[in-house]
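Student: Numbering (the UniProt record's numbering), first residue to last: 1 to 336. Built from N, CA and C at the ideal position, the CB exists for glycine as well.
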């Protein structure tokens, strides 16, 4: 069974709330053509991550809407039951009031029960001290039932408002998710066209650097090392926007896939993965830690030690071990 690590999420707002601008992955000494291609890739990757993040948030908002709708329905049932109990209690005191009136016994109980509204009953509760114990019990039951019914009604109204707000949030998130998907589709199409138009020399230059035969026998123990070992077996497989394996990957898809193989469920996108576990300074990083790039986060990979990390870099390239780049913005350690 996959163990979700939502409990490991740090505090703070989701970085997905801001639009990220990914730094392109440009090999040293790259030509203008290679740089332009890397920039198109970065825009496509950025838009894809934003789209996936919005879709993930949409599922959360829809879940919240379903939950609050269920709570509102349950609260309304409670309010209905409370009103029914109040009506039963009112029937009892009304019967006593009618009997007192017909018998000519217009005592304090009759005066109390002859009030023009339930609120008037409440305003005259001091009269309870002057009526018989039997009638006092009946009236107190009615007063208590009225208070419960009014409280339940207020709670039902508040929960109904919460449900309306949650539904509106879900709709806004759905609209945002669609806009981001449209943006991603356009950027990916543009990047794919740029790749198709690129010369073999430009594509080769884009892939320059890194290695696809990094050793998989990493020393150490723990869930992070196990995930890294699994991820290293995927070296050489192509990058594809939005892919989560097992034949193609994007950066966060590779991380999610590797952790899934060792029984741990992670969020789908890098900007959510950047909230997992505990923060670590880069000088203290060790193999298996997750490295995040750009601010806000748009890229992720596994640290393998010695200033290198495993990544699914960009379209036109493959899963490989590269030198850590200057756009590093954070390190997180997953510890169960």
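1) How should residue 247 be labelled, buried or exposed, when 16 other C-beta atoms within 10 angstroms of its C-beta is the threshold for buried?
2) Give the secondary structure of residue 70 by DSSP, where H, G and I count as helix, E and B as strand, and everything else as coil.
3) Can you give the Cα-Cα distance for residue 268 and residue 56, rounded to whole angstroms?
4) Mind checking residue 201: buried by the 16 CB within 10 Å criterion, or exposed?
5) Which of the three DSSP states, helix, strand or coil, is assigned to residue 108?
6) Would the stretch 166-176 and the stretch 34-45 be scored as touching if the rule is three or more Cβ pairs under 8 Å?
7) How many whole angstroms separate the CB atoms of residue 234 and residue 252, which I take to be in contact at a CB cut-off of 8 Å?
8) What does DSSP give as the partner residues of residue 320 in its beta bridges?
9) Counting pairs of beta carbons, one from the stretch 212-225 and one from the stretch 59-75, are three or more of them closer than 8 Å?
10) Does DSSP put residue 36 in a helix, in a strand, or in coil?
11) Suppose contacts are defined by Cβ-Cβ distances below 8 Å. Is residue 310 in contact with residue 300 by that definition?
12) What first and last residue would you give for the alpha helix (DSSP H) that runs through residue 230?
13) Pull up the distance between the alpha-carbon of residue 294 and that of residue 161, whole angstroms please.
14) Can you give the Cα-Cα distance for residue 139 and residue 173, rounded to whole angstroms?
15) Just grab the DSSP bridge partners of residue 332 for me.
16) With distances taken Cα to Cα, identify the nearest neighbour of residue 335 among 180, 259, 245, 51.
17) Whose C-beta lies closer than 6 Å to the C-beta of residue 105 among residues of the same chain, with five residues either side of it excluded?
18) Where does residue 238 fall in DSSP's three states?
19) Kindly indicate which three-state DSSP category residue 214 falls into: helix, strand or coil?
20) Is it buried or exposed, residue 226, if we count other Cβ atoms within 10 angstroms and call 16 or more buried?
Tutor: In brief:
1) Residue 247 is exposed by the Cβ-count criterion.
2) In the structure shown, residue 70 sits in a helix (DSSP, three-state: H, G or I).
3) In this structure, the CA atom of residue 268 is about 8 Å from the CA atom of residue 56.
4) Here residue 201 is exposed. Its C-beta has fewer than 16 other C-beta atoms within 10 Å.
5) Low per-residue confidence applies at residue 108: pLDDT is 49, beneath 50, and the placement is therefore not dependable, though the value from the model is reported in the following sentence. Under the three-state reduction of DSSP, residue 108 is assigned to helix.
6) The stretch 166-176 is not in contact with the stretch 34-45.
7) Contact doesn't hold; Cβ gap of about 14 Å is too wide.
8) DSSP, once it has assigned bridges, lists 311 as partnering residue 320.
9) With the cut-off at 8 Å, the stretch 212-225 and the stretch 59-75 do not touch.
10) Here residue 36 carries a helix assignment [DSSP, helix/strand/coil].
11) Not in contact: residue 310 and residue 300 (Cβ atoms no closer than 8 Å).
12) Its alpha helix (DSSP H) spans residues 223-232.
13) Residue 294 and residue 161 have their alpha carbons spaced roughly 39 Å apart.
14) The alpha-carbon atoms of residue 139 and residue 173 are separated by roughly 51 Å.
15) According to DSSP, residue pairing for residue 332 in a beta bridge involves 279, 290.
16) For the residues 180, 259, 245, 51, the minimum Cα distance to residue 335 belongs to 259.
17) Residue placement at residue 105 is poorly supported in this model, since its pLDDT is 47, which falls under 50; the coordinates still yield a value, given next. So the list is empty, once near-sequence residues are dropped.
18) Looking at residue 238 - three-state DSSP - the assignment turns out to be strand.
19) Taken through DSSP and simplified to helix, strand or coil, residue 214 comes out as coil.
20) Counting Cβ neighbours within 10 Å, residue 226 comes out buried, since at least 16 surround it.
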